[in-house]
Amino acid sequence: AWFRELPEGVLDGLSPDQVLECKTEEDFVELVKLLGPTQAALLNWAVELMADVVEEEDMNKMNARNIAMVFAPNMTQ
Numbered sequence: 001a002w003f004r005e006l007p008e009g010v011l012d013g014l015s016p017d018q019v020l021e022c023k024t025e026e027d028f029v030e031l032v033k034l035l036g037p038t039q040a041a042l043l044n045w046a047v048e049l050m051a052d053v054v055e056e057e058d059m060n061k062m063n064a065r066n067i068a069m070v071f072a073p074n075m076t077q
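For the sequence shown, the residue numbers in UniProt numbering are 1 to 77.
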């Protein structure tokens, strides 16, 4: 819910096509460069958090797909 309370979404500076075309880690790095510094920092923090959660999938049942379903709707306004 916290992401929804931000004045603008973390990914609002990008078009949906830009996000959907991001397939590799290199693509992600280039995409983050297009964001403002605040949005880039928030996105990096969120991705690190998601990776930490997925590492514990055996205990929390949260795989990458489940994490994406939870976070994706909250990344834009």
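For every residue, glycine included, the Cβ atom is placed at its ideal position computed from N, Cα and C.
Terminal residues of the alpha helix (DSSP H) in which residue i lies
i   : result
E47 : According to the sequence displayed, residue 47 carries Val and not Glu. Element bounds for V47: 37 to 55.
N66 : 64 to 71
K61 : That residue, K61, is in no alpha helix (DSSP H); it is neither H nor E in DSSP.
Q18 : 16 to 20
Buried versus exposed, by CB contacts within 10 Å (16 or more), residue i
i   : result
Q77 : exposed
L11 : buried
Identity of the residue in the options nearest residue i by Cα
i   : options           : result
A46 : A64, P7, E26, D58 : A64
L34 : D17, E8, G13      : G13
Close Cβ partners of residue i (< 8 Å) along its chain, the five nearest in sequence each way excluded
i   : result
N44 : V32
Proximity test, Cβ basis, 9 Å: residue i and chain C
i   : result
D12 : Within the model displayed, chain C is absent; a lone protein chain is all it includes.
* To do: Report yes or no: do the region 52 to 60 and the region 20 to 28 share at least 3 C-beta pairs separated by less than 8 Å?
  => The region 52 to 60, when compared against the region 20 to 28, does not touch it at the 8 Å Cβ threshold.
* Are the region 1 to 8 and the region 68 to 77 touching, with three or more C-beta to C-beta distances below 8 Å? -> Three or more beta-carbon pairs separated by less than 8 Å link the region 1 to 8 to the region 68 to 77, which places the two stretches in contact.
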